[in-house]
Amino acid sequence: MTKDAIVGLCNGQVWEDEWDDAKSEDWRQGRTGDSDCIVVFPASLDTVMRLAQGRSDSPALMMMQVTHLPIILCEALPVINSVIEHWRNILLERPNVTTAPPVVGTKATDRDSQETGFNLPGAIEMANELISATREGDCGE
């Protein structure tokens, strides 16, 4: 996703992070440097299906297959049918995978309202809650 596309989605200003190339290969153990959570936005039908099937044909998918970090999917699914629901349910059996809270959006095809998981603000809020809960759990040990 480009910076220009994100600006259009969030109706605001977007900042870019810069960092040096990774000095480790933490991603091979499912780590992303100092990250505490993974948010997939947008989680396309292809991404959801590949992740559910255990595929690891890209570095990002491989990292998500082996990580213990929480993964939050902002689903951008065109429709739910029995096949999609089957693989989605298998994916959601993983203890570290969840979906962003649904919101009502407008379909581009006919302008009708429809519930969608395409909810970046909700995913960020959920990520912050999961991270806080994890840190509180670490402090209690």
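Numbering (the working numbering), first residue to last: 27 to 167.
From the three backbone atoms N, C-alpha and C, an ideal C-beta is built for every residue, glycine too.
On a predicted model such as this, the values are computed, not experimentally measured, just so you know.
Do you know whose CA, among the options, lies nearest residue i's CA?
{"i": "proline 121", "options": "Pro128, Lys133 and His94", "result": "His94"}
{"i": "leucine 71", "options": "Thr124, Met88 and Ile106", "result": "Ile106"}
{"i": "serine 61", "options": "Glu119, Pro128 and Pro96", "result": "Pro96"}
{"i": "glycine 59", "options": "Ile32, Met89, Phe67 and Ser108", "result": "Met89"}
{"i": "phenylalanine 67", "options": "Pro128, His112 and Phe144", "result": "Phe144"}
Report back the beta-carbon spacing between residue i and residue j to the nearest angstrom; my notes put them in contact at under 8 Å.
{"i": "valine 74", "j": "arginine 114", "result": "6 Å"}
{"i": "leucine 77", "j": "leucine 117", "result": "6 Å"}
Take residue i and list the residues in its own chain whose beta-carbon comes closer than 6 Å to its own, dropping the five residues that flank it on each side.
{"i": "alanine 149", "result": "Val65, Ile98, Cys100 and Ala126"}
{"i": "glycine 34", "result": "none"}
Here's a check: name, in chain order, each residue in its chain whose Cβ is nearer than 7 Å to the Cβ of residue i, leaving out the five neighbours to either side.
{"i": "glutamine 91", "result": "Gly80 and Ser82"}
{"i": "alanine 69", "result": "Leu99, Cys100, Glu101 and Ala102"}
{"i": "glutamate 167", "result": "Because the pLDDT at glutamate 167 is just 43, under 50, the model does not fix this residue reliably, and the value given afterwards should be weighed accordingly. Cβ neighbours of glutamate 167 beyond the five flanking positions: none."}
{"i": "leucine 87", "result": "Arg76, Leu77 and Arg81"}
Determine, using beta carbons only, whether residue i and residue j come nearer to each other than 8 Å.
{"i": "threonine 124", "j": "glycine 131", "result": "no"}
Here's a check: name, in chain order, each residue in its chain whose Cβ is nearer than 8 Å to the Cβ of residue i, leaving out the five neighbours to either side.
{"i": "serine 139", "result": "Val130, Gly131, Thr132 and Lys133"}
{"i": "cysteine 63", "result": "Leu95, Pro96, Ile97, Ile98, Ala153, Leu156 and Ile157"}
{"i": "glycine 163", "result": "none"}
Report yes or no: do three or more beta-carbon pairs, one from the region 72-90 and one from the region 149-160, lie closer than 8 Å?
-> no
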